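Counted the way our numbering counts, the sequence shown spans residues 1 to 254. Glycine included, C-beta positions come from ideal geometry on N, C-alpha and C. All figures in this text were calculated on a predicted structure; none of them were measured in a lab. The next block holds one structure in the form of structure tokens; read it before the comments.
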Amino acid sequence: MDQLIDILNDLARRAGEITLKYFQTRLDIITKSDNSPVTIADRETEQFLRSEIARLFPDDTIIGEEFGESGGKPGARRWIIDPIDGTKSFIHGVPLYGVMMGVEDDGEIIAGVVNLPAMGEIVIARRGQGCWWNGRRARASATEHLSDALVLTSDVASNYKHGKGAQWERITSRARLVRTWGDCYGHLLVATGRAGVMIDPIMSPWDCAALKIICEEAGGTFTDYDGKPTIYSCCAIATNGALFDEVMKLVHGQ
């Protein structure tokens with residue numbers, strides 16, 4: 001599609017190969033200040049991506065989960081990285097984890113990629129050019145009613161922990177099927193037409209950057225609980241688009 005997509009695809013694949021060196025092996029686990037886990041795989045993957053992005057685009061800013069913000073001139077394009085989204089799955093040898101990068105320019109996410117290396121899936125999107133899943137066009141489903149939809153979340157208890165239990169109950173009470181295929185994988189299931197809704201009551205910008213444009217370019221939505229399309233509200237709901245209005249009404253108790 002263009003050079004940026006080629007670069008994102010190449011970096012995501014190479015970063016995924018780094019994670020696979022450590023996947024389903026014995027790992028030392030470090031607990032960060034927010035009580036989330038991190039491993040050498042997370043850090044080595046992010047260091048690789050930072051090094052390559054800085055080499056290719058020395059004027060750009062890099063923001064990553066493990067090493068914060070670096071480089072860039074004022075107003076520079078920003079690369080937002082999550083080296084392993086789903087670290088808990090990764091630690092337990094479960095393949096539902098992804099390497100994620102989103103590119104933000106002038107406040108708008110213009111491109112994003114998620115590589116699920118242990119599953120052999122890459123989903124990539126570019127603003128105005130669509131979303132692609134292993135080289136074929138990805139589209140959200142046309143399901144129009146929650147009563148026919150699969151609804152996902154990463155952790156049911158997290159919805160209650162972060163004060164969104166009532167919203168969770170209202171939405172899932174209408175759903176045909178509810179599962180916890182979570183983290184980035186859940187959002188990709190929405191973007192590729194395999195699920196209708198993914199609910200995340202707690203998110204960081206690096207969790208959201210790639211997923212927002214992927215869901216949108218697949219014909220879906222990616223918003224906060226107020227329906228605002230942003231990566232900066234610390235929460236997210238992805239829908240196939242057709243379910244958006246019904247979901248938002250339930251979120252607001254209507």
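Outcome for residue i when other beta-carbon atoms lying within 10 angstroms are tallied against a minimum of 16
i: Leu20; result: exposed
i: Arg78; result: buried
i: Ala111; result: buried
i: Tyr232; result: exposed
i: Asn240; result: buried
i: Gln255; result: Residue 255 cannot be examined here, being either before or after the span of the chain that is shown, 1 to 254.
i: Thr45; result: buried
i: Pro83; result: buried
i: Asp28; result: exposed
i: Gln254; result: exposed
heavy atom of the ligand MN below 7 Å from residue i C-beta
i: Gln47; result: Of ligands this structure carries none, so the ligand MN is not represented either.
Which of helix, strand or coil DSSP assigns to residue i
i: Met1; result: With a pLDDT of 49 at Met1, under the threshold of 50, the modelled position of that residue is not reliable, and the figure given next carries that caveat. Three-state result, Met1: coil.
i: Asp59; result: coil
i: Ser147; result: helix
i: Phe244; result: helix
i: Leu152; result: strand
i: Cys184; result: helix
i: Thr19; result: helix
Best match in the options for proximity to residue i [C-alpha to C-alpha]
i: Cys184; options: Pro205, Leu177 and Arg170; result: Pro205
i: Gly71; options: Glu65, Ile80 and Thr61; result: Thr61
i: Thr143; options: Asp224, Ile40 and Gly220; result: Gly220
i: Val247; options: Leu189, Thr230, Asn35 and Ile171; result: Ile171
i: Asp105; options: Ile213, Tyr225 and Ala238; result: Ile213
i: Val151; options: Val251, Trp181 and Lys32; result: Trp181
i: Ile107; options: Lys249, Cys234 and Pro229; result: One detail in the question is off: residue 107 reads as Gly in this sequence, not Ile. It is Pro229.
Those residues which DSSP pairs with residue i across a bridge
i: Thr87; result: Thr87 pairs with nothing; no bridge assigned.
i: Leu49; result: Looking at the DSSP assignment, Leu49 forms no beta bridge with any residue, so it has no partner.
Cutoff 8 Å: residue i Cβ touching any chain C Cβ
i: Ala76; result: Absence of chain C from the displayed structure is noted, only one protein chain being present.
Is the stretch 82 to 100 touching the stretch 114 to 122 in the sense that three or more CB pairs, one from each, lie closer than 8 Å?
-> yes
Three CB pairs or more closer than 8 Å across the stretch 1 to 21 and the stretch 34 to 52 = yes
On the three-pair Cβ rule with 8 Å, is the stretch 154 to 168 touching the stretch 194 to 202?
-> yes
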